[in-house]
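A.B. asks:
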Amino acid sequence: MNEKILKRLIPITGEERAILNGEKIDKNLYMNGNASVISSKKLMEEGKLITVRPHTRFVHFPKHSHDFIEVIYMCKGETTHIVNGKKIVLREGELLFLGQNASQEILPASEDDIAVNFIILPDFFDLPLAILGNEDTPLRQFIIEHLKSNGEKSSFLHFEVSDVLPVQNLVENLIWTLINKTPNVRKINRRTMGLLFLHLLNHTDRLIEHGHSDGDIIKVLAYVEENYQNGSLAELAENLHYDFYWLSKEIKSRTGKTYTEILQQKRLSQACFLLETTDLNVSDISNRVGYSNISYFHRIFNRNFNVSPKKYREIHGGRK
1 MNEKILKRLI
11 PITGEERAIL
21 NGEKIDKNLY
31 MNGNASVISS
41 KKLMEEGKLI
51 TVRPHTRFVH
61 FPKHSHDFIE
71 VIYMCKGETT
81 HIVNGKKIVL
91 REGELLFLGQ
101 NASQEILPAS
111 EDDIAVNFII
121 LPDFFDLPLA
131 ILGNEDTPLR
141 QFIIEHLKSN
151 GEKSSFLHFE
161 VSDVLPVQNL
171 VENLIWTLIN
181 KTPNVRKINR
191 RTMGLLFLHL
201 LNHTDRLIEH
211 GHSDGDIIKV
221 LAYVEENYQN
231 GSLAELAENL
241 HYDFYWLSKE
251 IKSRTGKTYT
261 EILQQKRLSQ
271 ACFLLETTDL
281 NVSDISNRVG
291 YSNISYFHRI
301 FNRNFNVSPK
311 KYREIHGGRK
């Protein structure tokens with residue numbers, strides 16, 4: 001990590017000094033009435049959508065959740081987290097994304113274990129998600145549902161990306177602009193986060209599995225995103241070293257959809273995009289999205305949108 005950033009993060013804070021002097025953690029610094037939910041209002045200035053703070057060392061943080069999205073980046077050393085009951089050792093250069101309802105416990109860190117916590121409100125992700133594309137794809141839906149949702153789902157994603165230079169540079173850029181209060185920081189950081197998402201989606205092989213974490217499903221959705229034209233569940237199962245029938249059931253259980261339904265959603269989403277933005281004829285679009293049978297393409301398109309591809313293009317102002 002950049003030495004200038006590390007020098008800003010290494011000094012012992014007033015809170016850490018009090019802990020070293022034997023004082024207990026002051027919960028009022030983190031929580032309002034609910035003693036188990038850390039509040040963004042305690043950690044972030046009013047009107048802000050994102051902030052960064054050094055991880056507090058030398059203390060055990062008991063089980064808690066957040067009313068925000070937390071992204072933890074390990075600058076140096078390591079920290080140990082218990083997330084949704086699963087032990088995660090976060091090492092230098094790694095990232096841990098926690099959804100709003102994920103439960104977290106943190107074991108004490110030493111002086112040389114330097115991490116930062118990004119405190120992020122869901123609205124911050126509007127532009128980063130738009131950078132992923134406006135298509136209503138399964139992968140985009142999954143990220144929205146598991147990072148922005150404040151419903152019952154409690155998800156986390158652990159990326160082992162210490163040797164992925166673009167990811168490291170983008171995270172350092174986020175830290176730098178926030179701690180130095182760079183002008184136009186909101187615009188810069190939203191676009192930086194969007195680029196970070198794109199790079200992380202290029203490295204779904206670096207998602208670390210923790211039992212039934214969401215890493216395996218992200219890999220499934222990323223595969224469909226890249227191979228929707230001619231990919232198959234058999235090839236995917238082989239790539240992931242999973243039993244075909246087990247993977248089929250797992251996809252249905254975790255997403256509520258079959259592999260075929262996910263594939264069809266992606267293909268139709270791409271077809272809509274091409275109808276709106278190109279002058280390709282319907283037959284060419286059908287082939288491009290993976291349907292060699294034009295009659296079948298017309299049938300499923302009508303079934304899903306209640307209009308023909310030609311009519312859809314007219315309604316949505318696509319090229320003739």
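Just so you know, we're using UniProt numbering here: the sequence shown kicks off at 1 and counts up by one. Positions of the beta carbon are idealized from the N, C-alpha and C atoms, including for glycine.
1. Enumerate in chain order the residues of its own chain whose CB-to-CB distance from D26 is below 8 angstroms, with the five nearest sequence positions on each side excluded.
2. Heavy atom of the ligand ATP less than 6 angstroms from the Cβ of Q168, yes or no?
3. Does the stretch 105 to 113 come within contact of the stretch 56 to 75, defined as at least 3 CB pairs closer than 8 angstroms?
4. Scan the stretch 29 to 79 and note each continuous alpha helix (DSSP H) run of 4 residues or more that stays entirely inside, going in chain order.
5. Note down, in chain order, each residue of its chain lying with its Cβ closer than 8 angstroms to the Cβ of S65, except the 5 sequence neighbours on either side.
6. What does DSSP give as the partner residues of K86 in its beta bridges?
7. How is V116 classed by DSSP in three states: helix, strand or coil?
8. Alpha carbon to alpha carbon, how far is R8 from W176?
9. What does the Cβ neighbour count give for T182, buried or exposed, with the cut at 16 atoms within 10 Å?
10. Excluding five sequence neighbours on each side, which residues of the same chain lie with their C-beta closer than 8 angstroms to the C-beta of residue 363?
11. Who are the Cβ neighbours of I262 in its own chain at under 8 angstroms, not counting the five residues just before and after it?
12. Does the stretch 265 to 274 come close enough to the stretch 225 to 244 that 3 or more CB-CB pairs lie under 8 angstroms?
13. Using 7 angstroms as the threshold, is the C-beta distance between L98 and Y73 below it?
14. Once DSSP output is grouped into helix, strand and coil, what is the label at I10?
15. Determine the closest residue to D279 out of V185, P309 and K86, with distance taken between C-alpha atoms.
16. Secondary structure at E23, three-state DSSP: helix, strand or coil?
17. Using C-beta distances below 6 angstroms, list every residue in its chain close to I294, excluding the 5 sequence neighbours before and after it, in chain order.
18. Taking contact to mean at least 3 C-beta pairs separated by less than 8 angstroms, is the stretch 119 to 126 in contact with the stretch 76 to 84?
19. Along the alpha helix (DSSP H) that carries E235, what are the first and last residues, could you check?
20. Checking 7 angstroms against the spacing of the C-beta atoms, do T192 and L170 come in under that value?
21. Run the CB neighbour count on A115, radius 10 Å, all protein chains shown included, and call it buried at 16 or more, exposed below.
22. Measuring alpha carbon to alpha carbon, tell me which of R57, H55 and Y30 ends up nearest M44.
23. Below 7 angstroms between beta carbons: does that hold for E160 and I208?
24. Suppose the cutoff is 8 angstroms on Cβ atoms and the five residues either side in sequence are ignored; what does the same chain contact list for G194 look like?
25. From R186 to G47, what does the alpha carbon distance come to, in whole angstroms?
26. If you measure between the beta carbons of I69 and I120, is that distance less than 7 angstroms?
27. Taking the straight line between their C-alpha atoms, what separation do you get for G162 and E3?
28. Once you ignore the five residues that flank L178 on each side, which residues in its own chain have a CB closer than 6 angstroms to its CB?
29. Which value, in whole angstroms, describes the spacing of the CA atoms of V89 and F197?
30. Could you give the distance in angstroms between the alpha-carbon of N281 and the alpha-carbon of F305?
C.D. replies: So, from the data block:
1. By 1-based counting over the sequence shown, the position of residue 26 is 26. The residues are E15 and A18.
2. Because no ligand of any kind appears in the structure shown, any question about the ligand ATP cannot be addressed here.
3. yes
4. 40 to 43
5. Indexing the sequence shown from 1 puts residue 65 at position 65. Correct list, in chain order: S36, V37, I38, Q100, N101, A102, S103, Q104 and S154.
6. Your numbering for residue 86 matches position 86 in the sequence shown. Bridge partners of K86: V83.
7. In the sequence shown, counting from the first residue as 1, residue 116 sits at position 116. Strand at V116.
8. Taking the first residue of the sequence shown as position 1, residue 8 is located at position 8. Taking the first residue of the sequence shown as position 1, residue 176 is located at position 176. Between R8 and W176, the C-alpha separation is close to 10 angstroms.
9. Residue 182 sits at position 182 when you count from the first residue of the sequence shown. It counts as exposed.
10. There is simply no residue 363 to check, as the chain begins at 1 and stops at 320 in what is shown.
11. Reading the sequence shown from its first residue, position 262 is the one you call residue 262. Contacts found: P138, V220, L221, V224, I251 and T255.
12. yes
13. Within the sequence shown, the letter at position 98 stands for residue 98. Within the sequence shown, the letter at position 73 stands for residue 73. Not closer than 7 angstroms, so no.
14. For the purposes of this step, residue 10 is identified with residue 10 of the sequence shown, where counting begins at 1. Here I10 sits in coil by DSSP.
15. Mapped onto the sequence shown, residue 279 falls at position 279. Comparing Cα positions, the closest option is P309.
16. Residue mapping note: residue 23 aligns to position 23 of the sequence shown, counting from 1. E23 falls in the coil class under three-state DSSP.
17. Numbered from its first residue, the sequence shown carries residue 294 at position 294. Contacts found: S283 and S286.
18. no
19. Within the sequence shown, numbered from 1, the residue matching residue 235 stands at position 235. Taken as a continuous stretch (DSSP letters only), the alpha helix (DSSP H) holding E235 covers L233 to L240.
20. Reading the sequence shown from its first residue, position 192 is the one you call residue 192. Reading the sequence shown from its first residue, position 170 is the one you call residue 170. Contact flag set, yes.
21. As a position in the sequence shown, residue 115 is number 115, starting the count at 1. That one is buried.
22. Residue mapping note: residue 44 aligns to position 44 of the sequence shown, counting from 1. Among R57, H55 and Y30, the Cα nearest to that of M44 is on Y30.
23. Walking along the sequence shown from the start, residue 160 turns up at place 160. Walking along the sequence shown from the start, residue 208 turns up at place 208. Result yes, Cβ atoms of E160 and I208 sit closer than 7 angstroms.
24. For the purposes of this step, residue 194 is taken as residue 194 along the sequence shown, with counting starting at 1. Contacts found: L127, P128, L129, A130, I131 and L132.
25. The residue you call residue 186 lines up with position 186 of the sequence shown. The residue you call residue 47 lines up with position 47 of the sequence shown. Answer to the nearest angstrom: the Cα atoms are 11 angstroms apart.
26. Taking the first residue of the sequence shown as 1, we reach residue 69 at position 69. Taking the first residue of the sequence shown as 1, we reach residue 120 at position 120. Yes, Cβ-Cβ distance for I69 and I120 is below 7 angstroms.
27. In the sequence shown, counting from the first residue as 1, residue 162 sits at position 162. In the sequence shown, counting from the first residue as 1, residue 3 sits at position 3. For the sequence presented, residue 162 should be read as Ser rather than Gly. Whole-angstrom Cα-Cα distance: 16 angstroms.
28. Start at 1 with the first residue of the sequence shown, and residue 178 comes out as number 178. Around L178: V52.
29. For this step, residue 89 is matched to residue 89 along the sequence shown. For this step, residue 197 is matched to residue 197 along the sequence shown. The alpha-carbon atoms of V89 and F197 are separated by roughly 22 angstroms.
30. Counting from one through the sequence shown, the residue named residue 281 turns up at place 281. Counting from one through the sequence shown, the residue named residue 305 turns up at place 305. The straight-line gap from Cα to Cα measures roughly 18 angstroms.
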